[in-house]
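Only one structure is covered here, and it is reproduced in the block below.
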Amino acid sequence: MDIDRVAQTFKGRTIFITGGSGFLGKVLIEKLIRVCPDIRKIYMLMRTKKGKDPKQRLLDIFGNPLFDGLKETHGLDKLMEQCDVIGGDVTLPDLGISPEDRQKLIEEVTIIYHCAATIRFDETLKKAVLLNTRGTKLMIQLAREMKQLAMLCHVSTAYCHLHEKHLLEKPYDPPANPHKIINCVEWLDEPVVDAMTDKILGTLPNTYAFTKALGEGLVVETMDELPSVILRPSIVIPIYQDPLPGWTDNINGPTGLLIGAGKGVIRTMYCDSDGYGDYLPVDIAVNCMLLATWNFIENNDRTRRIYNVTSSAEIKVSWNQVIEMGREIVTTKVPLNGVLWYPGGSMKNNRLIHNLCMIFFHFLPAIILDALLFCLGYKPVMWWVDKICKNLIMGIFLYYIGLYFYNSIFNEEGTKNVIVEEIIERL
Numbered sequence: 011m012d013i014d015r016v017a018q019t020f021k022g023r024t025i026f027i028t029g030g031s032g033f034l035g036k037v038l039i040e041k042l043i044r045v046c047p048d049i050r051k052i053y054m055l056m057r058t059k060k061g062k063d064p065k066q067r068l069l070d071i072f073g074n075p076l077f078d079g080l081k082e083t084h085g086l087d088k089l090m091e092q093c094d095v096i097g098g099d100v101t102l103p104d105l106g107i108s109p110e111d112r113q114k115l116i117e118e119v120t121i122i123y124h125c126a127a128t129i130r131f132d133e134t135l136k137k138a139v140l141l142n143t144r145g146t147k148l149m150i151q152l153a154r155e156m157k158q159l160a161m162l163c164h165v166s167t168a169y170c171h172l173h174e175k176h177l178l179e180k181p182y183d184p185p186a187n188p189h190k191i192i193n194c195v196e197w198l199d200e201p202v203v204d205a206m207t208d209k210i211l212g213t214l215p216n217t218y219a220f221t222k223a224l225g226e227g228l229v230v231e232t233m234d235e236l237p238s239v240i241l242r243p244s245i246v247i248p249i250y251q252d253p254l255p256g257w258t259d260n261i262n263g264p265t266g267l268l269i270g271a272g273k274g275v276i277r278t279m280y281c282d283s284d285g286y287g288d289y290l291p292v293d294i295a296v297n298c299m300l301l302a303t304w305n306f307i308e309n310n311d312r313t314r315r316i317y318n319v320t321s322s323a324e325i326k327v328s329w330n331q332v333i334e335m336g337r338e339i340v341t342t343k344v345p346l347n348g349v350l351w352y353p354g355g356s357m358k359n360n361r362l363i364h365n366l367c368m369i370f371f372h373f374l375p376a377i378i379l380d381a382l383l384f385c386l387g388y389k390p391v392m393w394w395v396d397k398i399c400k401n402l403i404m405g406i407f408l409y410y411i412g413l414y415f416y417n418s419i420f421n422e423e424g425t426k427n428v429i430v431e432e433i434i435e436r437l
């Protein structure tokens with residue numbers, strides 16, 4: 011199958027993207043411009059942040075090394091002409107979009123990629139609901155008004171239905187009524203919502219999993235009337251191949267673990283070393299988004315509406331293998347600077363032993379080093395760094411390894427049928 015057939019799907023189309031300033035969003039924008047040159051326009055929802063208006067933030071995005079190749083071939087002016095920002099905020103009513111901009115989107119947009127989400131696992135429930143759940147509801151309302159809409163692609167996560175041992179490419183009931191949860195957090199003060207959070211979450215580990223599952227539920231309930239698909243990527247990691255191998259703009263997930271262990275800061279991790287995570291390079295995730303769009307629009311495929319975009323069905327890499335590969339890299343090939351301790355540490359499947367190691371290899375060294383820094387006239391920082399490491403280990407990785415050492419099985423038959431290996435390699 012010729013790659014031009016996928017690019018042809020986007021010819022003359024106007025695309026609206028939320029979360030364009032995020033990791034996945036940046037790679038999606040770069041890919042669209044590079045392989046689909048005949049796109050009419052790309053609109054990105056963007057808010058003012060840290061004193062920078064949306065236009066300045068777009069310039070900052072294009073200043074990233076990810077876009078160096080495009081700037082050489084297209085020029086910055088061409089990129090700014092092809093991409094435009096829509097001032098707004100997913101957490102605000104009506105997405106914070108002005109009536110004029112809203113009407114422009116209604117008249118012009120044909121494809122939506124809804125990528126905006128908070129990925130903080132310790133986010134308060136109120137903020138997580140407003141962004142991950144109500145933001146999705148407001149996007150659906152806007153999509154219903156669009157006169158030329160061909161497809162809405164909602165980016166979810168493969169880890170939002172943790173109660174399912176075998177995650178199929180099908181809809182699941184949300185853990186609560188999303189409309190009632192939205193109404194609840196809208197009129198209750200944040201301290202009240204915080205006090206109710208544990209009761210509302212039930213067995214789910216954090217607000218991220220809960221609110222992403224609610225967001226999925228909102229999309230599913232409108233599938234009969236709205237042309238939409240759901241993508242469930244797993245743990246998104248740096249670029250595998252195109253356009254810049256190894257590129258990332260954050261230290262979330264396994265990247266943060268390897269950097270922390272490589273610098274000697276992380277000395278222990280509570281998990282089953284033989285368990286595995288499901289890793290997906292961000293460029294592969296973006297390829298899947300484009301191919302799902304092609305399949306839905308060009309093939310008029312209404313049987314496949316949910317895609318599990320995962321890798322562990324084909325390649326299983328244990329946490330122990332990840333650590334050992336990282337250890338080999340930082341000790342023999344690419345040693346890191348600013349190392350606090352010789353790279354080491356290990357994984358513990360006993361909670362008590364792990365906690366003892368946290369005390370002797372994390373907390374006590376942090377206190378001693380901070381005391382030395384204070385005596386030398388420097389600002390103590392190690393307790394703060396150690397707190398971040400604790401949150402990383404206890405919050406993020408206990409979530410991804412399944413909390414109780416189970417390894418979810420992701421069924422991805424629909425994805426395999428659509429995303430042919432030849433296309434993935436060439437896209």
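Residue 11 is where the sequence shown starts when you use the numbering used here, and the numbers rise one by one after that. We put the CB at the ideal spot given by N, CA and C, even for glycine. From a predicted model like this one, the values you see are computed outputs, not experimental measurements.
Residue span of the alpha helix (DSSP H) that contains residue i, given as start and end
i                : result
glycine 227      : 217-230
arginine 112     : 109-118
isoleucine 71    : 64-72
phenylalanine 33 : 33-45
threonine 83     : 78-83
tryptophan 257   : Careful: tryptophan 257 lies outside any alpha helix (DSSP H) and carries neither H nor E.
histidine 173    : No alpha helix (DSSP H) contains histidine 173, which DSSP labels as neither H nor E.
aspartate 183    : Neither: aspartate 183 is in no alpha helix (DSSP H) and is coded neither H nor E.
threonine 143    : Run containing threonine 143: none; DSSP gives neither H nor E here.
leucine 214      : Segment: none, leucine 214 is in no alpha helix (DSSP H) and carries neither H nor E.
Terminal residues of the beta strand (DSSP E) in which residue i lies
i              : result
asparagine 360 : Looking at the DSSP string, asparagine 360 is not in any beta strand (DSSP E), and its letter there is neither H nor E.
glycine 97     : 93-97
cysteine 163   : 161-165
asparagine 26  : Before going on, a small fix: residue 26 reads as phenylalanine here, not asparagine. Residues 24-28.
isoleucine 369 : No beta strand (DSSP E) contains isoleucine 369, which DSSP labels as neither H nor E.
DSSP three-state assignment for residue i, whether helix, strand or coil
i              : result
asparagine 262 : coil
tyrosine 416   : With a pLDDT of 42 at tyrosine 416, under the threshold of 50, the modelled position of this residue cannot be trusted; read the value that follows with caution. Of the three classes helix, strand and coil, the one that applies to tyrosine 416 here is coil, per DSSP.
methionine 279 : strand
glutamate 431  : Here glutamate 431 scores only 46 on pLDDT, less than 50, and its place in the model should not be relied on; the value that follows carries that caveat. Three-state result, glutamate 431: helix.
valine 246     : strand
lysine 21      : coil
leucine 55     : strand
isoleucine 49  : coil
histidine 124  : strand
isoleucine 129 : coil
valine 100     : coil
valine 391     : coil
leucine 241    : strand
leucine 236    : coil
leucine 105    : helix
leucine 178    : coil
Classification of residue i by the beta-carbon crowding that lies within 10 angstroms, buried from 16 upward
i              : result
aspartate 204  : exposed
glycine 287    : buried
valine 391     : exposed
leucine 362    : exposed
glycine 61     : exposed
valine 349     : exposed
aspartate 14   : exposed
alanine 138    : buried
isoleucine 316 : buried
methionine 279 : buried
tyrosine 468   : A question about residue 468 goes unanswered here, because the residues of the chain that appear run from 11 up to 437.
glycine 30     : buried
tryptophan 304 : buried
isoleucine 49  : buried
methionine 9   : Residue numbering for the chain in the displayed model covers 11 to 437; residue 9 lies beyond these limits and cannot be assessed.
Beta-carbon separation (whole angstroms), residue i vs residue j, contact threshold 8 Å
i                : j              : result
isoleucine 245   : proline 264    : 7 Å
phenylalanine 77 : glutamate 117  : Actually they do not touch by this definition, with Cβ atoms about 28 Å apart.
valine 195       : methionine 156 : About 27 Å; that fails the 8 Å criterion.
leucine 236      : leucine 148    : That belief does not hold up - the Cβ atoms of leucine 236 and leucine 148 are roughly 14 Å apart, past 8 Å.
threonine 439    : valine 100     : Examination of residue 439 is not possible in this model, given that the chain is present from 11 through 437 alone.
methionine 357   : isoleucine 333 : 7 Å
histidine 173    : threonine 213  : 7 Å
threonine 232    : isoleucine 150 : 6 Å
Within-8 Å CB hit, residue i to chain B
i             : result
methionine 90 : The structure shown contains no chain B; it is built from a single protein chain.
### Task
Pick out the complete beta strand (DSSP E) segments inside the segment 284-350, 3 residues or longer, and give them in chain order.
Qualifying beta strand (DSSP E) stretches, in chain order: 289-291 and 316-319.
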